[in-house]
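Notes for the one structure printed next.
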Amino acid sequence: MQAGQKLPDVTFRTRIRDESIGGSNPFRWEDKTTADYFAGKRVVLFSLPGAFTPTCSTYQLPGFEDNFATFQEHGIDEIYCMSVNDSFVMNQWAKAQGIQNVKVIPDGSGEFTRRVGMLVRKDNLGFGLRSWRYAAIINDGVVEAWFEEPGICDNHGEDPYGESSPENLLTYLTEAAKGAAA
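Going letter by letter, the sequence shown gives residues 6 to 187 in this note's numbering.
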């Protein structure tokens with residue numbers, strides 16, 4: 006993906022809390038589309054190889070969560086974390102991380118990830134198909150800026166992290182604001 010490209014239309018299978026269901030697992034299925042998440046908003050989307058994994062849980066997700074207010078100051082309405090994991094896993098990961106501001110998007114089948122060109126094999130780690138690590142600023146469903154970790158390939162021996170970090174996106178937003186003010 007690159008700046009100016011429109012996100013693909015995909016339907017995501019999510020589980021949302023619904024107290025009317027009762028019991029110990031009061032969740033129901035709810036389909037959400039690309040438009041539901043991205044239409045009419047300026048958002049950060051970041052994607053990672055897997056929920057509960059070290060870099061994702063230690064740096065990337067907490068970094069976006071901790072900087073949510075700063076992103077809002079730069080005109081960001083929402084921050085979304087996507088992974089090729091199902092809704093059950095994504096919801097439990099967000100709960101375990103104590104996430105209040107970042108919203109998780111389950112790309113369980115990898116359809117969105119495939120269509121943006123970021124689906125890679127991670128068989129070397131026992132993961133199967135997963136997302137390459139990236140982040141983007143999306144404005145009304147169109148890519149404003151794209152931040153992809155270098156070296157995209159199947160079964161990469163390392164887990165590069167830096168381009169898609171919250172700090173890097175905040176640097177971009179700060180510089181873009183300076184440019185707009187000039």
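Glycine included, C-beta positions come from ideal geometry on N, C-alpha and C.
Per DSSP, Thr19 is paired with what?
Glu35
Tell whether a beta-carbon distance below 8 Å holds between Gly55 and Arg135.
yes
For the alpha helix (DSSP H) containing Pro67, list its first residue and its last residue.
Leu66 to Asp71
Round the Cβ separation of Val49 and Ile81 to the nearest angstrom and send it over; I've been treating them as touching at under 8 Å.
6 Å
Here's a check: name, in chain order, each residue in its chain whose Cβ is nearer than 8 Å to the Cβ of Gln10, leaving out the five neighbours to either side.
Within its own chain, the residues whose Cβ lies closer than 8 Å to the Cβ of Gln10, once the five positions on either side in sequence are excluded, are Val147 and Val148, listed in chain order.
Checking 8 Å against the spacing of the C-beta atoms, do Tyr85 and Tyr166 come in under that value?
Going by C-beta atoms, Tyr85 is not nearer than 8 Å to Tyr166.
How about the region 164 to 182 and the region 40 to 47: do they share at least three Cβ pairs that are nearer than 8 Å?
no
To the nearest whole angstrom, what separates the beta carbons of Lys46 and Glu78, a pair I think is in contact under 8 Å?
Contact doesn't hold; Cβ gap of about 16 Å is too wide.
Take Ile143 as the anchor and find which of Phe51, Gly28 and Glu172 has the nearest alpha-carbon.
Phe51
Less than 7 Å between C-beta atoms, sequence neighbours within five positions excluded: which residues of the same chain meet that for Phe152?
So the qualifying residues of the chain are Tyr139, Ala140, Ala141, Glu168, Ser169, Asn173 and Leu174.
Select from Trp98, Ser25 and Ile26 the residue whose C-alpha is nearest the C-alpha of Cys61.
Trp98
I'd like to know whether the C-beta of Ile81 is nearer than 8 Å to at least one C-beta of chain C.
Included in the structure is just one protein chain, with no chain C present.
Below 8 Å, how does it come out for the region 118 to 126 and the region 153 to 160: are there three or more Cβ pairs, yes or no?
yes
Is DSSP giving Val94 helix, strand or coil here?
helix
For Ser29, count the other beta carbons within 10 Å of its own beta carbon; 16 or more makes it buried, fewer makes it exposed. Which is it?
So Ser29 counts as exposed.
Between the Cα of Ala74 and the Cα atoms of Ala186, Pro171 and Ala185, which residue gives the shortest distance?
Pro171
Using the Cα positions of Lys127 and Glu35, report the straight-line distance between them to the nearest angstrom.
Each residue's alpha carbon lies about 29 Å from the other.
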